[in-house]
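In our numbering, the protein residues as written are 1 to 244. All residues carry an ideal CB built from backbone N, CA and C; glycine is no exception. This report refers to the structure that appears directly beneath it.
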Ligand SMILES: C[S@@+](CC[C@H](N)C(=O)[O-])C[C@H]1O[C@@H](n2cnc3c(N)ncnc32)[C@H](O)[C@@H]1O
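Next comes the structure, spelled out in C-alpha cells:
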C-alpha cells in the first residue's frame, strides 16, 4: 500500500483485526517499508544530540520493533545495548536487521512489556522509546513513566521524540480523533484488542507526566529538519542525587 514491497491493504486490515502483538508478528517482515517505522533522519539526530550528553554503559530501546532505534543508539552504549518488545516477530526481524549494526556493545533483544520490564532498579543509563506511545493507553502512561524512572540510574536519561498537541483548527487533529473513535469501537467489539491511538504522550502532557515522577525535563525544539521540523526531542533526566 505504501511501497511495492510493503504490506497490502488486505494485510494491514488483517493486522488491525488481530490483537496488537499478533498484528505486529504479521507485519514484521514488511514493517520497515511502512511509514510506521521511525525515519532514520529523526533517529540519527536524536542519537547525535544524546551522544553530546555522554555515552552510557547500558542502554535500552523500549518497544524496539525491528531495531530502528538500536541501530543508531548502540554506538552510545559501552557495555550492552538492549531492545525490548512484545512482538516475537518484530524481535526476530530486529535480530536479522541488526546483524551489521554499527557499534561494539553486545545486543540483547528481549520479549516483554514496556509497562513491566525485567530490569532491576537503577540498572540503565539510557532508555529510549520511538514511535510507540500510541500503544500505551493514556491511563497507563503514569505507570509507563514510573517504570522508566525506576530502571534508570541516577543521572540516567529517558530520550524520546514527540510533538505539541495540534490546535483544534488542525484537520490532522480531527482525522486522528476519527481514527481513535473507530479503534474504540473495534476494541469494544473484538478481542484481543489492538491498542493503537493517536494524539497520546504529546506536549505539554508528556512533560508533566515525566516531571511528576521526578525527572528534570528538557524539550528541544528546532532540532529536526523538514519535514520533521515540528517534532521535539525530549531528554528527561533522573536527578543525579535521586535514590537508585
Ligand atoms: C510502531 S512500532 C515502532 C517500532 C520502533 N520503535 C520504530 O520506531 O520503528 C511499535 C512497536 O511497539 C511494540 N509494542 C507495543 N506495545 C508494547 C508494549 N506494551 N511493550 C513492549 N512493546 C510494545 C510493538 O510490538 C511494535 O514493535
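Find the nearest neighbour of residue i within the set the options, judged by alpha-carbon distance.
i           : options               : result
residue 27  : 66, 53, 60 and 46     : 66
residue 88  : 240, 181, 23 and 200  : 23
residue 192 : 15, 7 and 5           : 15
residue 46  : 217, 235 and 6        : 235
residue 135 : 158, 183 and 127      : 183
residue 29  : 6, 20, 203 and 238    : 6
residue 189 : 18, 4, 11 and 103     : 18
residue 194 : 137, 56 and 116       : 137
residue 62  : 224, 171, 160 and 219 : 160
residue 225 : 12, 35, 44 and 11     : 44
Starting from the C-beta of residue i, find all residues in its chain whose C-beta is less than 8 Å away, skip the five residues before and the five after it, and write them out in chain order.
i           : result
residue 94  : 64, 65, 66, 67, 70, 83, 85 and 109
residue 121 : 150, 151 and 244
residue 228 : 39, 41 and 42
residue 180 : 197, 198 and 199
residue 31  : 24, 37, 65, 66, 90 and 93
residue 162 : 133, 201, 202, 203, 206, 231, 232 and 234
residue 116 : 147
residue 54  : none
Beta-carbon within less than 7 Å of residue i's beta-carbon, same chain only, minus the 5 sequence neighbours each way: which residues are those?
i           : result
residue 250 : Residue 250 falls outside the range modelled here, since the chain spans only 1 to 244, and no answer is possible.
residue 124 : 58, 59, 60, 151, 152, 153 and 156
residue 221 : 232
residue 105 : 74, 77, 78, 79, 80 and 81
residue 242 : 154 and 214
residue 169 : none
residue 164 : 202 and 203
residue 219 : 203, 207, 232 and 234
Please determine whether the Cβ atom of residue i lies at a distance below 7 Å from any heavy atom of ligand 2.
i          : result
residue 19 : Among the ligands in the structure shown, ligand 2 does not appear; only ligand 1 can be found there.
When we look at the beta-carbon of residue i and count the other beta-carbons within 10 Å, is it buried (16 or more) or exposed?
i           : result
residue 52  : exposed
residue 238 : buried
residue 175 : exposed
residue 21  : buried
residue 132 : buried
residue 185 : exposed
residue 114 : buried
residue 240 : exposed
residue 283 : Nothing about residue 283 can be read from this structure; the chain reaches only from 1 to 244.
Please go through the same chain and pick out, in chain order, the residues whose beta-carbon is closer than 6 Å to the beta-carbon of residue i, but skip the five residues on each side of it.
i           : result
residue 101 : 71 and 74
residue 173 : 166
residue 158 : 127, 148 and 236
residue 33  : 3, 5 and 6
residue 217 : 207, 210, 211 and 236
Please report the residue range of the alpha helix (DSSP H) in which residue i lies.
i           : result
residue 20  : 20–27
residue 40  : 40–52
residue 70  : 68–73
residue 98  : Unbroken run through residue 98: none, as it is neither H nor E.
residue 179 : 171–189
residue 151 : 141–151
residue 223 : Counting along the chain, residue 223 falls outside any alpha helix (DSSP H), and DSSP gives it neither H nor E.
residue 210 : 205–213
residue 199 : Residue 199 -> no alpha helix (DSSP H), and no H or E assigned at all.
residue 128 : First-last for residue 128: 124–129, but that is the beta strand (DSSP E), not the alpha helix (DSSP H).
residue 17  : 9–17
Taking the beta strand (DSSP E) that residue i falls in, what are its first and last residues?
i           : result
residue 261 : Nothing in the structure corresponds to residue 261, since the chain is present only between 1 and 244.
residue 81  : 77–85
residue 218 : 216–220
residue 236 : 232–237
- Query: Does the stretch 141–161 come within contact of the stretch 213–229, defined as at least 3 CB pairs closer than 8 Å?
  - Reply: As far as the Cβ criterion goes, the stretch 141–161 touches the stretch 213–229, which means the pair count is three or higher.
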